[in-house]
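Asker:
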Amino acid sequence: MTQRHLTIVGAGLAGGLLATLLAQRGWSVDVFERRGDPRVHGYAGGRSINLALAERGLHALRAAGADGAVLDKAVMMRGRMVHAADGHQQLLRYGRDDSEVIWSVSRGELNITLLDAAERAGARLHFDRRLESVDFDARHAVFVDDTNGASHDHAFTALIGADGAGSALRTAMSAHASLGERFEGLGHGYKELEIPPAPDGGFRIEPNALHIWPRGRYMCIALPNDERTFTVTLFLPSAGDPSFETIRTGSDARAFFERDFADAVPLIPNLERDFDRNPIGILATLYLDRWCLDDRAVLLGDAAHAMVPFHGQGMNCAFEDCVALADHLDRTEDRTQAFADFEAERLPNARAIQAMALENYLEMRERVDDADFLLQRDLERELADRHPDRFVPRYAMVTFRRLPYATALERGRVQRALLVEATQGRASLADVDRAWLDAEVLRRLPPLPAET
Ligand SMILES: Cc1cc2nc3c(=O)[nH]c(=O)nc-3n(C[C@H](O)[C@H](O)[C@H](O)COP(=O)(O)OP(=O)(O)OC[C@H]3O[C@@H](n4cnc5c(N)ncnc54)[C@H](O)[C@@H]3O)c2cc1C
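Mapping the sequence shown onto the UniProt record's numbering, position 233 (from 1) lands on 233, and the numbers just tick up by one.
(1) Judging by CA-CA distance, which residue of 155, 81, 69, 132 is the nearest neighbour of residue 116?
(2) List the whole-angstrom C-beta distance separating residue 353 from residue 162, where the pair is believed to meet the contact cut-off of C-beta under 8 Å.
(3) Nearest-angstrom Cα distance between residue 349 and residue 103?
(4) Measure the CB-CB distance between residue 274 and residue 193 and report whether it falls below 7 Å.
(5) Do residue 392 and residue 339 have their C-beta atoms closer together than 7 Å?
(6) Would residue 17 and residue 322 be called neighbours here (beta carbons separated by less than 7 Å)?
(7) Is residue 309 close to ligand 1? I mean its beta-carbon at under 6 Å from any heavy atom of the ligand.
(8) According to the neighbour-count rule (16 or more other Cβ atoms, all chains shown, within 10 Å of its Cβ), is residue 335 buried or exposed?
(9) By the three-class DSSP mapping on this structure, what secondary structure does residue 159 have?
(10) Could you tell me whether the segment 311–318 touches the segment 172–185, where touching means 3 or more Cβ pairs closer than 8 Å?
(11) Provide the residue(s) that pair with residue 73 in DSSP beta bridges, ordered along the chain.
(12) Residues in its own chain within less than 7 Å of residue 341 by CB, not counting five upstream and five downstream?
(13) Is the separation between the beta-carbon of residue 10 and that of residue 128 shorter than 7 Å?
(14) Report yes if the C-beta distance between residue 164 and residue 303 is below 7 Å; otherwise report no.
(15) In the DSSP assignment, what are the bridge partners of residue 219?
(16) Short check: CB of residue 378 to CB of residue 448, under 7 Å?
(17) What is the DSSP secondary structure of residue 310, reduced to helix, strand or coil?
(18) Expressed to the nearest angstrom, what Euclidean distance is found between the alpha-carbon atoms of residue 166 and residue 123?
(19) CB-CB under 7 Å to residue 244, same chain, minus the five flanking residues each way: which ones, in chain order?
(20) Under 6 Å from any heavy atom of ligand 1, does the C-beta of residue 101 make it?
(21) Can you tell me whether residue 268 is buried or exposed, with buried defined as 16 or more other CB within 10 angstroms of its CB?
(22) Ligand 1 and residue 414: does any heavy atom of the ligand fall closer than 6 Å to the residue's C-beta?
(23) Have a look at residue 439 and residue 424 and give me their C-alpha separation to the nearest angstrom.
(24) Nearest-angstrom Cα distance between residue 330 and residue 63?
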């Protein structure tokens, strides 16, 4: 086996992209995936049906030459369409214009596009191969085919864990050396429902938006699919009232929706059926202090830093990880160094987006229709126009730029403090002291470096 050989565990979103990038750069790559080949058997995802793709993810797809195929099937989302309890709707644009949008993509189609790209680039994909155990000293792994129980041995140079939040590689690494693992449950779960196409085959509601029904301690969102449906996700506490403990059946769900999401009820004709059939998804954040084991193993994507989905960045962050790891592996022949450098670059940034994802849940379910929030948001827009190189809304730094997440978190805190100070006790933008505010922006926010 050559030193330029790597073994990736998991052919999900990160595994597919990383295999493509590495194979394109001349690495010999084997990828082992627990499930069957989705191109043969159909996609058996089980998790969110569609995802929001933003600039960080797109940039990584561009690096692999896969952006065109993905965007061909994506639906543009220009902003949040907020559905108030009285049925009133308002579109809050994400960016300045259509150059600042996000894209709704199908997880299954994206996965298939990436597997095709990986194979085209020369990676060898092995399906129905679940990582069972690893002997790090002998550099030997065992994979099991769950369709027939057969074991398969594999000698490796190094293992890369792209096997998701429940990573078997992480478990194997932890048995060898502590990774400082902590899982923090959110205490909220989710359930997916569907808005089918209208009788004329079109979309039932505005397609170019991410719809939100914020209701305080809980909310619904809906993302468009290119087959003219929407995937609705109900986020609800796991305990208390209302919660998944009190809303147990399809008929409970209908009564709950009629009370709290009345305008959504006619859009979801199979509400009871979807609710009864679909599982409750768990939401948690995974923190690790270490992602690598010398030159023998490294984790990335959800295996290293699963997060709650409220910034729509889990996949985007995982894709950024893939480019960073491929770059570090190209920079030095010393794999221990490459893995350590990758961890040093990405771990603080993963922590930052994990924190912002948790904060965004509060913003989405409680704040998007609150008066203070809307005033601060209007002022934020104005400051972004007046100081485009210094004041970039945090959402835009995360979603439309590629500056490190940790920088976005840090600058976001400074900006939030400014907005709160400037609007405190003020009823409208006309009352804000612009001269003071401009001076504070120049003082507190150095210009952002241009992105290449
Ligand atoms: C409800 C919800 C909504 C989300 N929305 C967004 C969004 O809008 N935007 C966004 O950017 N992110 C979103 N995410 C996050 C995103 O889904 C994840 O961050 C992303 O899937 C991580 O990719 P991954 O490749 O690391 O893991 P996964 O996609 O989970 O892939 C892991 C792969 O490893 C395989 N595997 C597992 N165990 C083994 C084993 N033992 N041996 C071999 N193979 C194995 C699995 O079968 C799978 O194919 C959302 C998540 C949820 C739950």
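Using N, Cα and C, we set each Cβ at its ideal position, and we do this for glycine too.
Answerer: Put simply:
(1) 69
(2) The Cβ separation is near 18 Å, so there is no contact.
(3) 23 Å
(4) yes
(5) Not closer than 7 Å, so no.
(6) Yes, these two residues count as a Cβ contact at 7 Å.
(7) Yes, the beta carbon of residue 309 sits closer than 6 Å to at least one heavy atom of ligand 1.
(8) Looking at its Cβ environment, which holds 16 or more other Cβ atoms inside 10 Å, residue 335 is buried.
(9) Strand at residue 159.
(10) no
(11) Answer by DSSP bridge pairing: none, since residue 73 is not bridged.
(12) Around residue 341: 328.
(13) no
(14) yes
(15) 214, 235
(16) No; because the gap between Cβ atoms is not below 7 Å, this pair is not in contact.
(17) helix
(18) 24 Å
(19) 189, 236, 238, 280
(20) no
(21) By the neighbour-count rule (16 or more Cβ atoms within 10 Å), residue 268 is buried.
(22) no
(23) 18 Å
(24) 14 Å
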